[in-house]
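A short write-up of the structure that comes next.
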Amino acid sequence: MIKQDIGEYKHIWIFVEHKDGKAKSVSFELISKARELAEVLGCEVHTFALGKKVKHLADEVFRYGANKFYFIEDNLLSEYKTEPFRDAASYLIDKYKPEIVLIGATTLGRDLAGTIATKLNTGLTADTTGLDIDKKTNNLLMTRPTFGGNLMATIFCPDNRPQMSTSRPGVYKAVEFSVEGEVVEESFKFNKSNYLKTVIDKTLESEEAVNLNFYDVIVAGGLGMETKENFKYVKELSSILGGTWAASRKAVQMGWAPQTRQVGQTGQTVHPKIYIACGISGAIQHQVGMKSSEIIIAINKDEEAPIFEIATYGIVGETGKILPAMIDLFREKIKKER
Ligand SMILES: Cc1cc2nc3c(=O)[nH]c(=O)nc-3n(C[C@H](O)[C@H](O)[C@H](O)COP(=O)(O)OP(=O)(O)OC[C@H]3O[C@@H](n4cnc5c(N)ncnc54)[C@H](O)[C@@H]3O)c2cc1C
């Protein structure tokens, strides 16, 4: 890579991904995380959006503490296509020179980030689960699981700017922090003959899609639930507690739950107030998706199971006995309180 004059780069930029006129929650999560990093760097948090109609997203991002909102509106950006999005984003980044660019590790974000980094000749750390600043060098430290999730690698990009990372949805909390930000409209001259692809058809996935992060309580089941039938306890407890249910990868592989409910490295990353892990051993690949939960309750018949190392409360016992007892207890309690 060619060495750049990195001194002219300043501020943290967040790409605002949107669907049906609304910004995706990962954008707010990244703005909140960027505010922490910006405090260390002594800089501002700026956002940018591309689309046919995106100006209104400014109000949303200012609610989470972004200082500026750049946007480009164009018919060519009415739906996501890699090349026009890449060119418009690269134009903005090249013009304003942010030090850091953070993008949600969604399907769209992963595609876009890679092409921008290639075009701008800079580094990209994909799918990070941790971001920090090296206080000596001010480099961005980007941490992600590696070697099948058995190791966490911290990567930095010392010679090129911007430092780019995609971060998984749900890793950071979106914290409201209203500011009066500045809106900057930009335009980009697309050379339409460069974009030959057209969208002919769209197919929506029929799988049950659920954003586990909407819930304060998640009850998750693993192989220790023993049968698909026993997953009814996981679902019932989550419903009584006003939450939702999830699963480990082994439970998904057994066909006891759809992949859309999997928590972990190859599933969703969650940070609910309460995470109840039922018959889940606590493999590192599962832990990376749930260890930032505020309270972790683990039920496992093996008192040596790794999940107990990160659990706030541990119950040693059979899921088939403990869960029906918990369901009865909470049902009674709720009845009395009504
Ligand atoms: C690249 C890669 C990505 C991965 N991604 C993910 C991921 O996203 N999410 C994920 O979850 N895993 C993932 N895995 C798999 C992960 O390594 C583990 O295999 C998986 O998490 C184990 O699931 P489990 O805890 O349900 O099963 P197990 O590890 O088999 O644990 C079952 C647990 O249940 C307990 N138990 C058994 N019977 C009972 C009972 N009757 N009552 C109480 N306790 C009981 C056992 O003591 C044991 O601790 C990934 C692996 C790789 C290599």
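All residue numbers for the sequence shown refer to this note's numbering, where the first residue is 22 and numbers rise by one.
All C-beta atoms in this analysis are idealised placements derived from N, C-alpha and C, irrespective of residue type, glycine included.
Since the structure is predicted, the reported quantities are computational estimates derived from the model, not experimental observations.
> Cβ-heavy atom distance between Asn321 and ligand 1 below 7 Å?
Replying inline: yes
>> List, from N- to C-terminal side, the alpha helix (DSSP H) runs of 4 residues or more that fit wholly inside the stretch 115-160.
In response: 128-141
> What is the DSSP secondary structure of Lys52, counted as helix, strand or coil?
Replying inline: With the sequence shown as reference, residue 52 is identified as Ile, and Lys is not the correct amino acid for it. Three-state result, Ile52: helix.
>> Can you look up Pro166 in the DSSP assignment and give me helix, strand or coil?
In response: strand
> Among Arg352, Val337 and Ala87, which residue has its Cα nearest to the Cα of Val205?
Replying inline: Ala87
>> Looking only at its chain, what residues have a beta carbon closer than 7 Å to the beta carbon of Arg352, apart from the 5 residues adjacent to it on each side?
In response: Ile261
> With a Cβ-Cβ cutoff of 8 Å, do Phe235 and Gly130 count as a contact?
Replying inline: no
>> Mapping the DSSP letters down to three states, classify Ile343 as helix, strand or coil.
In response: helix
> Buried or exposed: where does Lys156 fall if 16 or more other Cβ atoms within 10 Å of its Cβ makes it buried?
Replying inline: exposed
>> With distance defined between alpha-carbon atoms, name the residue in Ile221, Ile317, Lys342 and Ser188 nearest to Gln286.
In response: Ser188
> Count the other CB atoms within 10 Å of the CB of Asp222; is the residue buried (16 or more) or exposed (fewer)?
Replying inline: Burial is judged here by how many other beta carbons sit within 10 angstroms of a residue's own beta carbon; Asp222 has fewer than 16 and is exposed.
> By DSSP, does Ala241 sit in helix, in strand, or in coil?
Replying inline: Shown here, Ala241 sits in a strand according to DSSP, grouped into three states.
> Could you give the residue range of the alpha helix (DSSP H) that holds Leu78?
Replying inline: Leu78 to Arg84
> Should Gln306 be counted as a contact of ligand 1 given a C-beta to heavy atom distance under 7 Å?
Replying inline: yes
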